[in-house]
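*Asks:* Line by line, the protein sequences give chains A and B. Here our numbering is used: position 176 in the first sequence is 179, and no number is missing along the way. Here our numbering is used: position 38 in the second sequence is 23, and no number is missing along the way. Structure provided below as structure tokens; questions to follow.
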Amino acid sequence: MSDRPLLVVRNLCKSYRSRWRGSAAKVALRDIDLTLERGATLGIVGPSGSGKSTLARCLAGFEQPTSGEIRFDGRAFGIQMILQQPAASLNPRFTAREIVEEPLVIQRLERAGKAARTLDLVGLPATALERHAHQFSGGERQRLAIARALVLEPELLIFDESFAGLDPALQEQIGGMLRDLQQRLRLAYMLISHDLGLVQDMAQEIAILQNGSIVERGPTRDLLAAPEHPVTRELVGAARVLSLDGAV
Amino acid sequence: MVSMSGRPLLDVRDLSVDLAGRRLLSGISFHLESRMILGLCGNSGSGKTTLALALSKLLPSPPYKVHGEVWFAGHDLCKMRERELEVRRGARIACIFQDPLLSLNPVLRVRTQIKEALRAHNLRRDPGELLALAGLDCPDRILGAYPHQLSGGERQRVTIAQALACDPPLIIADEPFTALDAPRVVELAGLFRDLRDRLNTSFLLISHSPGVLAITADEVVRVHEGQIVDRGAPREILRHVR
């Protein structure tokens, strides 16, 4: 394994051309610089419309950046993304095995034994393999969605608001599992959310995004203790009000 | 505060809901006074949304079987015919849902949609005034906009303005803040409390977020596996949840 960072992003820009003549292009991302080490977790937090999802989609290869550089020092399929409400996007007619094996089938990769091994990683028993998606509980479906991303043996998982809408007990459960996986597999995570409270427990570092630019970044503890940019201050203040004990 | 007849605004007695032989809710009894925000918490799948739908009589029967009594402003909603309900629903109990993008029509301007809500109940009110009640400062810009041109917070305020069209004594809000970022959540929680104080509106606020309930609700009821297991001051109840 090399000691170079897993992911380096330099001057990443993305703008969308307007469909109407004469109106200006919409700039979604402006000169984004990021570095992510193996086994580390970076939080990307910002208000709605700040460009979080565009950034995720550029990194995962769903969008072509307008300019800039994305250097990923890993394997093919090394970046996998888990979308919002992943549990709701599972095909209810598929068994757990079919759900987890589908990415391998699409990529024409060897399947033998992989589904069972991957289910084991996310804490589901081998007996779950032949059950259908609708027979699983909400938490188990969440695990299945993560297993589906893990089966391609990625090195970076991007979670785009994947935990929004989960109740606190489930959030804690899934968070614990992800921490455990990170240690065992040396996975890097990028957690994208509009909710600072959701990412602060897991991310060592947080970058705050507004109008397509990173306006502030730093180690999570420092950022929460002494937010400088008005947007960060607003997010930290609101997260504090919404946390039961009044402290973030 | 108790209404003039001495009865609470909403009095649910022994409500149960079955679907295909499975009991979704059983023996639900609680009451809600006017001018009160009652929080309803519970994990996913505990029956929170089923309860909200049962109270607004939005569960079709069949396949759902609803038993029990739901007394609202002196009438048992469970015994009412559909036509009587039509008049009552919306006019008396309004609902706000999670994602305003789903409840708003994407191809109509806000003005048209609010007028629709007013026309449905034969009301003549100024749409701009309703938006102002929902805390939208520049009604003219909002009225002329399509939903996609508004921010998430503005969109949810538009659905609140629609809900306020008939001065409902009770608004049922099912996870109304989930799609919003934290600063907007805090603002909208403030709006709910403000409406309670200014218009005497009661809310049944469904949320799985302890923080949201702690800053919004006067009291919290906890639902677990289709039953009410706890009721009390928000911080008391929610401390045990974690």
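We put the CB at the ideal spot given by N, CA and C, even for glycine.
(1) Does G59 (chain B) pass the burial test, meaning 16 or more other C-beta atoms within 10 Å, or should it be called exposed?
(2) Who are V11 (chain A)'s beta bridge partners in DSSP?
(3) Could you check how far apart the C-beta atoms of Q212 (chain B) and G30 (chain B) are, in whole angstroms? I think they sit under 8 Å.
(4) Taking only the alpha-carbon atoms, compute the straight-line gap between H133 (chain B) and R(-8) (chain B) and give it to the nearest angstrom.
(5) Go through its chain and collect everything with a Cβ distance to A152 (chain A)'s Cβ below 7 Å, but skip five positions before and after it.
(6) Is A152 (chain A) close to chain B? Criterion is C-beta to C-beta, closer than 8 Å.
(7) Leaving out the 5 sequence neighbours to the left and right, which residues in its chain are closer than 8 Å to L226 (chain A) when beta-carbon positions are compared?
(8) Rounded to the nearest angstrom, how far is the Cβ of I145 (chain B) from that of I99 (chain B), given a contact under 8 Å?
(9) Whose Cβ in chain A lies nearer than 9 Å to the Cβ of V171 (chain B)?
(10) Relative to the C-alpha of S286 (chain B), which residue among B:D61, B:L184, B:L86 and B:V205 is closest?
(11) Using the Cβ count rule (16 or more neighbours within 10 Å means buried), how would you classify H106 (chain B)?
(12) Can you check which of these residues, A:G64, A:A99 and A:P171, is closest to T130 (chain A) by C-alpha distance?
(13) Is L223 (chain B) close to chain A? Criterion is C-beta to C-beta, closer than 8 Å.
(14) Using only the alpha-carbon positions, how far apart do P171 (chain A) and R142 (chain B) sit?
(15) Taking 8 Å as the threshold (C-beta atoms), are L189 (chain B) and C26 (chain B) in contact?
(16) Please report whether the beta-carbon of D159 (chain B) lies at a distance below 8 Å from any beta-carbon of chain A.
(17) Starting from the C-beta of V30 (chain A), find all residues in its chain whose C-beta is less than 7 Å away, skip the five residues before and the five after it, and write them out in chain order.
(18) Under 8 Å, Cβ to Cβ, is there at least one residue of chain B near V251 (chain A)?
(19) What whole-angstrom Cβ distance do S51 (chain A) and H232 (chain A) have, given they're in contact under 8 Å?
(20) Counting Cβ pairs, one atom from each stretch, are 3 or more of them under 8 Å apart for the stretch 90 to 110 of chain A and the stretch 127 to 143 of chain A?
(21) Suppose you measure from the CA of F65 (chain A) to the CA of P106 (chain A); what does that come to, to the nearest Å?
(22) Going by beta-carbon coordinates alone, are L245 (chain A) and V2 (chain B) separated by less than 8 Å?
(23) With Q87 (chain A) and A206 (chain A) assumed to form a contact (beta carbons below 8 Å), what rounded beta-carbon distance in angstroms separates them?
(24) According to the neighbour-count rule (16 or more other Cβ atoms, all chains shown, within 10 Å of its Cβ), is C61 (chain A) buried or exposed?
(25) Is DSSP giving D179 (chain B) helix, strand or coil here?
(26) Starting from A242 (chain A), follow the alpha helix (DSSP H) in both directions and report where the run begins and ends.
(27) Hey, quick one: how far does the beta strand (DSSP E) through M193 (chain A) stretch, first residue to last?
(28) Anything in chain A within Cβ reach of G30 (chain B), meaning under 8 Å, just list it in chain order.
(29) Would you give the residue range spanned by the beta strand (DSSP E) that L80 (chain B) belongs to?
(30) Closest Cβ-Cβ distance between H135 (chain A) and chain B: below 8 Å?
(31) Return the first residue and the last residue of the beta strand (DSSP E) that V92 (chain B) is part of.
(32) Chain A beta carbons: is any one of them nearer than 8 Å to that of H193 (chain B)?
(33) Please return the same chain residues whose Cβ sits closer than 7 Å to the Cβ of S(-12) (chain B), not counting the five positions on each side in sequence.
(34) Using 8 Å as the Cβ pair cut-off and three pairs as the minimum, do the stretch 35 to 45 of chain A and the stretch 176 to 196 of chain A touch?
(35) So is A167 (chain A) in contact with chain B if we call contact Cβ pairs under 8 Å?
(36) Can you list the alpha helix (DSSP H) stretches of 4 or more residues lying completely in the stretch 162 to 211 of chain B, in chain order?
*Replies:* For this structure:
(1) Taking the second sequence and counting its residues from 1, one reaches residue 59 (chain B) at position 74. The residue is exposed, with fewer than 16 neighbouring Cβ atoms inside 10 Å.
(2) In the first sequence, counting from the first residue as 1, residue 11 (chain A) sits at position 8. DSSP lists A:T38 and A:R74 as partners of V11 (chain A).
(3) In the second sequence, residue 212 (chain B) corresponds to position 227, counting from 1. In the second sequence, residue 30 (chain B) corresponds to position 45, counting from 1. Wrong, their Cβ atoms sit about 13 Å apart, outside the cutoff.
(4) As a working mapping, residue 133 (chain B) is identified with position 148 in the second sequence. As a working mapping, residue -8 (chain B) is identified with position 7 in the second sequence. Approximately 43 Å, taken between the alpha carbons.
(5) As a position in the first sequence, residue 152 (chain A) is number 149, starting the count at 1. Excluding residues within five positions, the ones whose Cβ falls inside 7 Å are Q83, I85 and L160.
(6) For this step, residue 152 (chain A) is matched to residue 149 along the first sequence. Taking Cβ atoms only, chain B never reaches closer than 8 Å to A152 (chain A), which makes this a no.
(7) Along the first sequence, one-based indexing puts residue 226 (chain A) at 223. Same-chain partners within the cutoff: I209, I211, E219, R220, T235 and V239.
(8) Residue numbering aside, residue 145 (chain B) sits at position 160 when the second sequence is read from its first letter. Residue numbering aside, residue 99 (chain B) sits at position 114 when the second sequence is read from its first letter. Not quite, the Cβ-Cβ distance comes to about 11 Å (not below 8 Å), so this is no contact.
(9) Reading the second sequence from its first residue, position 186 is the one you call residue 171 (chain B). Here the neighbours are G240, A241, V244 and L245.
(10) In the structure as shown, chain B starts at -14 and stops at 227, and residue 286 (chain B) therefore has no counterpart that could be examined.
(11) Reading the second sequence from its first residue, position 121 is the one you call residue 106 (chain B). Under this definition H106 (chain B) is an exposed residue.
(12) Counting from one through the first sequence, the residue named residue 130 (chain A) turns up at place 127. Nearest of A:G64, A:A99 and A:P171 to T130 (chain A), Cα basis: A:A99.
(13) Here residue 223 (chain B) refers to the residue found at position 238 when the second sequence is read from its first residue. Yes, L223 (chain B) counts as interfacial toward chain A.
(14) Position 168 of the first sequence holds residue 171 (chain A). Position 157 of the second sequence holds residue 142 (chain B). Distance between the alpha carbons of P171 (chain A) and R142 (chain B): 26 Å.
(15) Position 41 of the second sequence, counted from the first residue, corresponds to residue 26 (chain B). Position 204 of the second sequence, counted from the first residue, corresponds to residue 189 (chain B). Their beta carbons are not under 8 Å apart, which means C26 (chain B) does not touch L189 (chain B) by this criterion.
(16) Position 174 of the second sequence, counted from the first residue, corresponds to residue 159 (chain B). With 8 Å as the cut-off, D159 (chain B) does not count as an interface residue toward chain A.
(17) If you number the first sequence from 1, residue 30 (chain A) lands on position 27. Contacts found: S18 and G215.
(18) Within the first sequence, numbered from 1, the residue matching residue 251 (chain A) stands at position 248. Because the pLDDT of V251 (chain A) is 43, which lies under 50, any placement of that residue in the model is unreliable, and the number read from its coordinates should be weighed accordingly. False, the Cβ-Cβ gap to chain B never drops below 8 Å.
(19) Translated into the one-based positions of the first sequence, residue 51 (chain A) becomes position 48. Translated into the one-based positions of the first sequence, residue 232 (chain A) becomes position 229. Their Cβ separation, rounded to whole angstroms, is 17 Å, which puts S51 (chain A) and H232 (chain A) out of contact at 8 Å.
(20) yes
(21) In the first sequence, counting from the first residue as 1, residue 65 (chain A) sits at position 62. In the first sequence, counting from the first residue as 1, residue 106 (chain A) sits at position 103. Approximately 16 Å between the Cα atoms of the pair.
(22) Within the first sequence, numbered from 1, the residue matching residue 245 (chain A) stands at position 242. Within the second sequence, numbered from 1, the residue matching residue 2 (chain B) stands at position 17. No, the Cβ-Cβ distance between L245 (chain A) and V2 (chain B) is not below 8 Å.
(23) In the first sequence, counting from the first residue as 1, residue 87 (chain A) sits at position 84. In the first sequence, counting from the first residue as 1, residue 206 (chain A) sits at position 203. Contact flag wrong, Cβ pair sits at about 18 Å.
(24) On the first sequence, residue 61 (chain A) is found 58 positions in, with the first residue counted as 1. Answer is buried; the Cβ neighbour count reaches 16.
(25) Position 194 of the second sequence, counting from 1, holds the residue named residue 179 (chain B). Looking at D179 (chain B) - three-state DSSP - the assignment turns out to be helix.
(26) Counted from its first residue, the first sequence places residue 242 (chain A) at position 239. Per DSSP, A242 (chain A) belongs to the alpha helix (DSSP H) from P233 to L245.
(27) Taking the first sequence and counting its residues from 1, the one referred to as residue 193 (chain A) is at position 190. Residues A191 to S196.
(28) Position 45 of the second sequence, counted from the start, is the residue given in the question as residue 30 (chain B). The contacting residues are S140 and G141.
(29) As a position in the second sequence, residue 80 (chain B) is number 95, starting the count at 1. Before going further, note that residue 80 (chain B) is Cys rather than Leu in the sequence given. Taken as a continuous stretch (DSSP letters only), the beta strand (DSSP E) holding C80 (chain B) covers I78 to I81.
(30) As a position in the first sequence, residue 135 (chain A) is number 132, starting the count at 1. Chain B, which has no Cβ nearer than 8 Å to the Cβ of H135 (chain A), makes this no.
(31) By one-based count along the second sequence, residue 92 (chain B) stands at place 107. First-last for V92 (chain B): undefined, no H or E at that position.
(32) Here residue 193 (chain B) refers to the residue found at position 208 of the second sequence. Answer yes: the Cβ-Cβ gap between H193 (chain B) and chain A drops below 8 Å somewhere.
(33) Here residue -12 (chain B) refers to the residue found at position 3 of the second sequence. Bear in mind that a pLDDT of 47 at S(-12) (chain B), under 50, signals an unreliable position, so the model cannot answer this.
(34) yes
(35) Against the first sequence, residue 167 (chain A) aligns to sequence position 164. Interface residue, yes.
(36) 167 to 184 and 195 to 201
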